[in-house]
Amino acid sequence: MCPHAGCFVDYQAARGVFFCPCHDSTFAVDGSINDPHSPSPRGLDTLEVEVKGDEVWVRFRNYRTGIQEKVPVS
Amino acid sequence: MKRLISWLDDRTGMNGLLKEALFERIPGGARWRYVWGSTLTFCFVVQILTGVVLWMAYSPSAGTAWESVYYIQHEMTGGWLLRGLHHYTAQAMHVLLVLHLLQVIIDGAYKAPREVNFWFGLVLLFLTLGLGLTGYLLPWDQKGYGATKVATSLAGIVPVIGPSLQKLVVGGTEYGHHTLTRFFALHAGVLPGLMIAAIVAHVALFRKHGITAKQPYKKPDANFWPDQVLMDGVACLAVLGAVLYFTVRHHGAELYAPADPTQPFNAARPEWYFLFLFEFLKLHVLTDWFGHHGELVGAIIVPGLISAVLGAMPFIALRRYGHRFNLVFLGALLLGAGLLTLRSIRADQANPEFQAAMTQAKAESDRVVALIQANRGIPRAGAAALLKEDPSTVGPRMFAQHCASCHRYDGHDGLGGVSKELASAPDLKGFGSRAWLAGLLEAGRITNHTYYGGTRFRDGKMAKYVTTKLPKKHAADPSALEAMIAAVSAEAALPGQAAAEVRDGALIERGRTHVRETFGCTDCHAFRKPDDEASAPDLTGWGSRDWIIGITTDPAHERFYGKRNDRMPAFGKEGRLTAAEMGLLADWIRGDTDPERVVAGMK
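Protein sequence lines correspond, in order, to chains A and Z. All letters in the first sequence, in the order written, are residues -6 to 67 by our numbering. All letters in the second sequence, in the order written, are residues 4 to 606 by our numbering.
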């Protein structure tokens, strides 16, 4: 999800970027902003990940959009 | 009859009320410029009526909302007409609101003592926008879902109360079912209720102060009845005519594929009357000037200031040149909004990504209707479940995700995305068909990047054979190649070639002999009987569903490339794709997507 306004961001294998369709802008594979015209206040949010045995546990959370800090919606 | 009316009048005083309404004085007589308020009231009544009937068929839950709107649009008698009327009247209301506001400002009808009435008008404007916003989500289709998600995200950036406000409208931290039930309550209960109250106040205050007649008077004073009533009636009919025109032209209102939170929907856009705001937020000047506060400034502060100026207009008008300022401000506002709307539409038209997403969205919405009709109804799991097992929906997505880093489909990634890099594996559009095979067997083409150009087989035995020996054999017996191609391609049993294969039975039979004898394909490949010596992929069932599932499961299997496999991963063997997923992918590549067949396969 785009931290700008909550649009669905999808990975585009062909271009090797995360693409946000709302403002036609992109994020690098590591989630950082790589578009000089990006309206986003921060890069893509990372999630907490934990490896338990041979399983990967991801703690999914939503974060507030439109602000520079990464604040979870709770 | 007369006695009944007078009985009723004694007890209600309705005659007096009617007289008061019809014989209201209009200084300077009836004029067309006074119709806007009446057309808006008319629209509101249409919305209440159509809205209540829609409500009778609508089922507000994440699991049934889309399905019930599908029922209204495609099954219910006159349902499409009802939806269309509701949809286009809502749009007409926004246009009429602007015209009404313009007339009120130009005629000075907002000045003292009509300030409070003007404010009620502004309240009605915002309530109408609110109804538009909340109504957009209710069909629970991809477009409304995606666009409204953005709107609720924006609510979160309001200072101080933002996060609580967002939680309230979203119904928790996750956008979903509870958002829908809240939006429905707002759309069908809270907002119309407030609107009725505001309209009553607006009309009551209008009657208290009377009409603001436009000077100079062109005619003598007259009553509301009959001339103004006629003009209002004509204007309302014109609005209805326009609404009906769009409704019939578009056969109701658009309905995109059911909302699927797991799938991106790149064609999400707000309704056109919100586009100016959407485009405004895109302006780089916001981020350039205000940095990370740009969103707050664009979505909250600027609209807030504009609303404050609108609200203060009756006071501004008291100052010298105040009325002129108001006129210029409103003019500039409308011009700016108009230009932003145009800019947004132009940007989307010039954006191939958006156009591709739009085409895909339209195709998906047609597809789900075809599947429902083939299925003779919507399954218990909902309409989205049909799409999840549909090769023509899931196939291209899986291709883009798993295959497109090496393969191409008609030059793109399955979904229309074009890579700058050359393909490192064959283009699979039409794989198994005669045309595909004919291209492979053409000396100049096998080493292109649409075939083996990006693989190690570029310098392999097959490429060498096609480049050197095959042209000579073809020259010696020109009809043999066509027959051989037909024979090998028949192994795929593609639905698109079924008719041709019945017709060409003799050709195929001849071709099978050529495979062995004339061309010696069986020197390396197995063909229609087991061959332990075979060193190249099996041509038995080449391009069939099983063959594609087989090679996707394990390309390094004896039957396929064996040890010579280039970089193709064993998707099935490694557990990256299930047999069912590989089947959907195969069906899509093979063009085996007839709705009746697909639906039968699900059972």
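Glycine included, C-beta positions come from ideal geometry on N, C-alpha and C.
- For F522 (chain Z), there is no enclosing beta strand (DSSP E), as DSSP marks it with neither H nor E.
- Checking the DSSP bridge columns, you'll see F12 (chain A) partnered with A:D3, A:T19.
- At least one C-beta of chain Z is nearer than 8 Å to the C-beta of A(-2) (chain A).
- For D17 (chain A), at least one C-beta of chain Z is nearer than 8 Å to its own C-beta.
- With a 10 Å radius around the Cβ and a threshold of 16 neighbouring Cβ atoms, V518 (chain Z) comes out buried.
- The three-state secondary structure of V246 (chain Z), taken from DSSP, is helix.
- For W50 (chain A), the enclosing beta strand (DSSP E) covers residues 48 to 52.
- Among the CB atoms of chain Z, none fall inside 8 Å of the CB of R52 (chain A).
- Your pair A24 (chain Z) and F209 (chain Z) does not check out as a contact, with CB atoms roughly 11 Å apart and the cut at 8 Å.
- Within chain Z, the residues placing a beta-carbon under 8 Å from that of D3 (chain A) are P267, N269, ordered along the chain.
- Only those residues of the region 439 to 469 of chain Z whose C-beta falls short of 7 Å from the nearest C-beta of chain A would be listed, and there are none.
- For E424 (chain Z), there is no enclosing alpha helix (DSSP H), as DSSP marks it with neither H nor E.
- L444 (chain Z) places its beta carbon less than 8 Å from that of V469 (chain Z).
- The C-alpha of L21 (chain Z) is placed about 13 Å away from the C-alpha of S9 (chain Z).
- The same chain holds no residue with a CB closer than 6 Å to that of M465 (chain Z) once the five nearest residues on each side in sequence are set aside.
- For T521 (chain Z), same chain residues with a beta-carbon under 8 Å away, outside a window of 5 residues either side, are K476, D480, A483, M487 in chain order.
- In the structure shown, A441 (chain Z) falls within a helical segment according to DSSP collapsed to helix, strand and coil.
- Going by beta carbons, W35 (chain Z) and M234 (chain Z) fall inside the 8 Å limit.
- Residues P30, G31 of the same chain have their beta carbon placed closer than 6 Å to that of A216 (chain Z), with the five preceding and five following residues left out of the count.
- Counted as a single uninterrupted DSSP element, the beta strand (DSSP E) harbouring E41 (chain A) occupies residues 41 to 45.
- Taking a Cβ-Cβ threshold of 8 Å, the residues of chain A close to H287 (chain Z) are H30, P32, in chain order.
- The contact set of I160 (chain Z) on chain A, defined by CB atoms closer than 8 Å, consists of R57, T58, G59, I60 in chain order.
- In the three-state DSSP reduction, I511 (chain Z) falls in the helix class (H, G or I).
- With respect to W143 (chain Z), P264 (chain Z) sits apart: the two C-beta atoms are not nearer than 8 Å.
- At least one CB of chain Z lies nearer than 8 Å to the CB of S67 (chain A).
- Residues of chain A whose Cβ lies closer than 8 Å to the Cβ of A353 (chain Z) do not exist, since the nearest Cβ in that chain is about 10 Å away.
- Every alpha helix (DSSP H) of 4 residues or more that sits fully in the region 546 to 597 of chain Z is shown, in chain order, as 548 to 556, 582 to 592.
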